[in-house]
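Novice:
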Amino acid sequence: MRAKEPLSGLVLAGVVYLLLALKGHSLWVSHSYLLSLVTFIYLAAGAGYLLHWIFAWRGMGFLASTVAWSGLILNTVGWGLRWWESHQLGYGHIPLSNLYESLIFFAWATMAVYLFLELKFQGKILGTFVAPVASLIMAYASFGTNTDIEPLVPALRSNWLTAHVITCFLGYGAFAVAFGMGIVYLLRPHHPSPKSLWQYVPGKETLDNLMYKLILFGFFWLTVGIITGAVWADQAWGSYWSWDPKETWSLITWFIYAAAIHARLTRGWTGKRMAALAVIGFFAVLFTYFGVNFWLSGLHSYATSS
Amino acid sequence: MKKLLDSLASLRLAIFLFLALAATSILGTFIPQGQEPGFYIAHYGPVWGKLINLLSLYDAYHSWWYASLLALFMANLIFCSVKRFPVSLKLYRRDPFLIDPERLPLAQKAEIPEAPETIRSRLEGFLFRKFGKGELGVRDRYRWSYFAVYFVHGSILLIVAGALIGALFGYRGSMSLLEGETSDKVFPFRHKKGFISLPFKIKLEKFEIEFYPNGVPRDYRSYVKVLDGSQSFDYLIRVNHPLQYRGIKFYQASYQEYAALKVRIEKGNKVKEVWIKPFQDGRWPEEKLTLGLIRYAQAHGFRMAQIWLSKDDQPPRMMWLIEGHKERITLSPETLSLSLVAIKPLFMSGLQVRKDPGAFLVYAGCILMILGVFVAFFFTHRRIWVYVEPAGEKKSRVIVGGYSKRYRDDLKRELEHLLTKLQSELT
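Protein chains in written order, with this note's numbering: chain V, 1 to 306; chain E, 1001 to 1427.
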């Protein structure tokens, strides 16, 4: 029964939410509190996946998935609450406009892509690698950035913002999971000894195939993300491409994954090299997302949205 | 020559170019763009600074070497597509029945205790043909997707062509309008000299700023009137909502606050009230007096303006006027006293103007690219063969096999599924 884990996750999420509501004597739990709690839920899910892997205990695998699903649901609820709260403040907008909001969505997309794969392929070991990454993203969002809801500056008031951020982060989420698989691929020995933990990990060929699929999925959304960004820039500033560092880095990321996709068509570019490109590509994603804001923003007046 | 063409059309070159473009694109994001040559010498030292200037790294994405890389990329794209198209056409047209059932790719075999007809009736969507002792069935999905990749490659060519047309035949510039002012002049960003005259005029009726309850700006709006010969219409330009008219787009870009002032000048018992507006001086001809606005400001609840005034051809003098105060100034031999009697705040709206005859090609290319990538990735051609031949009384030998360009693992699973389903249903 495949829906068992999402459903028990839904129940767990409901229980957690009710407990928080009772504690706060209000039906509306503060979104920032809820979202910082999701950090620990993802971490717990990661620990569960690890225990499941080490002890090969089915019950723990079920528990880990339940916790992960409840985290994803509460992540969604927290995001929705923030949207609702912004409307209460009189300048409502979809929460996709600053660093905090995009990180919340990034963690959501990463977990959503992973849990979808889990549902489809019934393997749980990769959760050991993906859930802690989502937890780290949430931790950084909750404790490292400004969580205040702020009104949108005129340039950000566009429906293209929504389309642009959602598409980009669906791509980033897929690339994050592909990165996790690339790391596992590179670490996993070809013929693990029967005692080694690696024997529970999917075979290299399966990893390679999943990685390739994720890269295709991510590349499609990255393409749409870059294009919606260009259309938006055209609407707001009258220029669809200005070689701004953020734009350029997204193009660099696009080139790297395009190389990976074309490399697949030539002989000898499966496996190790593909995994390496999945890892390098994700570093480019991270640089596009964070690096440009932190190191390059001084040169161009762009990264104001964070 | 053939060797050269072959390497121009090779996938290896494509991969190399992707990675080379990725690597070289990094340079321009770290080196500040568009500075004077001296800046680089000062910041990076004589050696690196000279190198930066030599390689045009101050404008990396328009430099000769980056343009050549892109040109090579385009050539590779075209040659590669031209070379591969016949292959795709052959794959598309290839007769799926021209295959030896004993040598199907990804083949799996089984014996099923049923007559071939029964098995065939269980297989939906297959086209069967007699083959040797048995019958060979084929099911194709998304065979046309072989051509999607050419749409993707073509879309890149469209985008590049659109960008080139835009760069060659278009312009970007600015137009500043005071409230009430009409103009047809655009000052282009690129060519420092001169202006472009539009074939119609724009009048700024009103400019306003909308605020959130907490005082942060929410929107900037320019209410304009487009005057084209005898025709005219009103339009509201806002951020993210440009005006498009006759292939030219106008974007809300900036604003400036000015004011029109009514200044009361007293000289002995002679009194004159003069209007001065931004860029439009006021005069008192009888006294040969000229005065103009330098800046307008508000602070601590006071409204004030800095103005200049000159008599005859004497050098102008500057002074501040504060609302409600009388200021004296001595222009020898006489003394004047000036005061602000009326202040009418006046906005200037900065519009960015763009003409890009290539934009529609870029947009068409973008749509084509999204559709093409979608089809190429998610509608990959999958072909399944089933060979059924009698093997004795009420018994058949079944072979399944398949071909897919991308998702071989999935196809393998689908084949297994197909075979086990047949076996479990018919045993």
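Virtual Cβ for every residue (Gly too), placed ideally from N, Cα, C.
If contacts are defined as beta-carbon pairs under 8 angstroms, then Val177 (chain V) and Val113 (chain V) qualify, I think. What distance do you get, rounded to the angstrom?
Specialist: 5 angstroms
Novice: Closer than 7 angstroms, CB to CB, is Ala1014 (chain E) near chain V or not?
Specialist: yes
Novice: Got a sec? Which residues, its chain only, sit under 6 angstroms from Gly92 (chain V) by beta carbon, not counting five neighbours each side?
Specialist: Ser86
Novice: Roughly how many angstroms lie between the CA atoms of Ile54 (chain V) and Phe40 (chain V), to the nearest whole one?
Specialist: 21 angstroms
Novice: If you drop the 5 nearest sequence neighbours on each side, which residues of the same chain put their C-beta closer than 8 angstroms to that of Leu7 (chain V)?
Specialist: none
Novice: Considering only residues of the segment 1325 to 1413 of chain E, which uninterrupted alpha helix (DSSP H) runs meet the minimum length of 4 residues and lie entirely inside it, listed in chain order?
Specialist: 1359 to 1378
Novice: May I ask you to report which of helix, strand or coil DSSP gives Ser306 (chain V)?
Specialist: In this prediction, Ser306 (chain V) has a pLDDT of 35, which is less than 50 and means its spatial position is unreliable; what the coordinates show is noted afterwards. Of the three classes helix, strand and coil, the one that applies to Ser306 (chain V) here is coil, per DSSP.
Novice: What's the call for Ser135 (chain V), buried or exposed, on a 16-neighbour Cβ count within 10 Å?
Specialist: buried
Novice: Applying the 10 Å Cβ sphere with the 16-neighbour rule, what's the burial state of Ser1431 (chain E)?
Specialist: Only positions 1001 to 1427 of chain E appear in this structure, which leaves residue 1431 (chain E) out of reach.
Novice: Could you compute how far the alpha carbon of Pro189 (chain V) sits from the alpha carbon of Lys272 (chain V)?
Specialist: Taking the straight line from one Cα to the other gives about 12 angstroms.
Novice: Going by beta carbon distance, what residues of the same chain come within less than 8 angstroms of Ile1248 (chain E), once the five residues before and after it are set aside?
Specialist: Leu1198, Val1353, Arg1354, Lys1355
Novice: Starting from Arg1303 (chain E), trace the beta strand (DSSP E) both ways and give me its first and last residue.
Specialist: 1302 to 1311
Novice: For Asn209 (chain V), which residues in chain E fall below 7 angstroms Cβ to Cβ?
Specialist: In chain order: Asp1409.
Novice: Run through the segment 1020 to 1054 of chain E for me and flag every whole alpha helix (DSSP H) of 4 or more residues, listed as ranges in chain order.
Specialist: 1037 to 1054
Novice: Under 7 angstroms between beta-carbons, which chain E residues line up against Trp243 (chain V)? List them in chain order, please.
Specialist: Correct list: Gly1028, Tyr1061.
Novice: Whole angstroms are fine: how far does the CA of Met138 (chain V) sit from the CA of Leu103 (chain V)?
Specialist: 7 angstroms
Novice: Report the three-state DSSP secondary structure of Arg1218 (chain E) (helix, strand or coil).
Specialist: Secondary structure of Arg1218 (chain E) (DSSP, three-state): strand.
Novice: Could you tell me the boundaries of the beta strand (DSSP E) in which Thr266 (chain V) lies?
Specialist: Where Thr266 (chain V) is concerned, there is no enclosing beta strand (DSSP E), given that its DSSP letter is neither H nor E.
Novice: Contact between the segment 190 to 209 of chain V and the segment 145 to 156 of chain V is defined here as three or more beta-carbon pairs at a separation below 8 angstroms; is this criterion met?
Specialist: no
Novice: Got a sec? Which residues, its chain only, sit under 8 angstroms from Leu72 (chain V) by beta carbon, not counting five neighbours each side?
Specialist: Gly9, Trp108, Met111, Ala112, Leu115
Novice: Shortest alpha-carbon distance to Ser196 (chain V) belongs to which of V:Ser30, V:Tyr33, V:Ala56, V:Lys23?
Specialist: V:Ala56
Novice: I want to verify the contact list: residues of chain E whose CB lies under 7 angstroms from the CB of Gln235 (chain V), in sequence order.
Specialist: Within 7 angstroms of the CB of Gln235 (chain V), the CB atoms of chain E belong to Asn1240, Pro1242, in sequence order along the chain.
Novice: Is Leu35 (chain V) closer than 7 angstroms to Gly80 (chain V) when the C-beta atoms are compared?
Specialist: No, the pair does not count as a contact, with Cβ atoms beyond the cut-off.
Novice: Check the DSSP bridge columns for Lys4 (chain V) and list the partner residues they point to.
Specialist: DSSP lists no partner for Lys4 (chain V).
Novice: What number of angstroms, rounded off, separates the C-alpha of Gly298 (chain V) from the C-alpha of Ser1174 (chain E)?
Specialist: Because Gly298 (chain V) carries a pLDDT of 44, less than 50, the predicted location of this residue cannot be relied on, and the following value inherits that uncertainty. Whole-angstrom Cα-Cα distance: 25 angstroms.
Novice: Would you be able to state if there are at least three C-beta pairs under 8 angstroms between the segment 149 to 164 of chain V and the segment 235 to 255 of chain V?
Specialist: yes
Novice: With a threshold of 16 other CB atoms inside 10 Å of the CB of Ile1329 (chain E), please say whether the residue is buried or exposed.
Specialist: Residue burial annotation: Ile1329 (chain E) is exposed, with fewer than 16 other C-beta atoms found within 10 angstroms of its C-beta.
Novice: Quick check: is the beta carbon of Ala259 (chain V) nearer than 7 angstroms to any beta carbon in chain E?
Specialist: Yes, its Cβ sits closer than 7 angstroms to a Cβ of chain E.
Novice: Examine chain E for any beta-carbon lying closer than 7 angstroms to the beta-carbon of Tyr114 (chain V), and answer yes or no.
Specialist: no
Novice: So with CB distances below 8 angstroms, who are the chain E contacts of Pro151 (chain V)?
Specialist: Under the 8 angstroms cutoff, chain E gives Tyr1212, Asn1214, Val1216, Arg1218.
Novice: Determine, for His31 (chain V), whether the minimum Cβ-Cβ distance to residues of chain E falls below 7 angstroms.
Specialist: Using a Cβ-Cβ cut-off of 7 angstroms, His31 (chain V) does not count as an interface residue toward chain E, since no Cβ of chain E sits closer than that to its own.
Novice: Do you know offhand how far Gly90 (chain V)'s Cα is from Thr167 (chain V)'s?
Specialist: Their backbone Cα atoms lie some 27 angstroms apart in a straight line.
Novice: Going by C-alpha to C-alpha distance, which of E:Glu1414, E:Val1386, E:Glu1286, E:Ser1404 sits closest to Glu1111 (chain E)?
Specialist: Comparing alpha-carbon positions, the option among E:Glu1414, E:Val1386, E:Glu1286, E:Ser1404 lying closest to Glu1111 (chain E) turns out to be E:Val1386.
Novice: Report the start-end ranges of each alpha helix (DSSP H) in the segment 150 to 211 of chain V that is 4 residues or longer and not cut off at the edges.
Specialist: Within the segment 150 to 211 of chain V, complete alpha helix (DSSP H) segments of at least 4 residues are found at 159 to 187, given in chain order.
Novice: Could you say which of E:Pro1113, E:Glu1327, E:Gly1292, E:Asp1095 lies nearest to Ser1310 (chain E) if we only look at CA atoms?
Specialist: E:Gly1292
Novice: Check whether the segment 1146 to 1158 of chain E touches the segment 1371 to 1378 of chain E, taking contact to mean three or more Cβ pairs, one atom from each stretch, closer than 8 angstroms.
Specialist: The answer is yes - the segment 1371 to 1378 of chain E touches the segment 1146 to 1158 of chain E, with three or more Cβ pairs under 8 angstroms.
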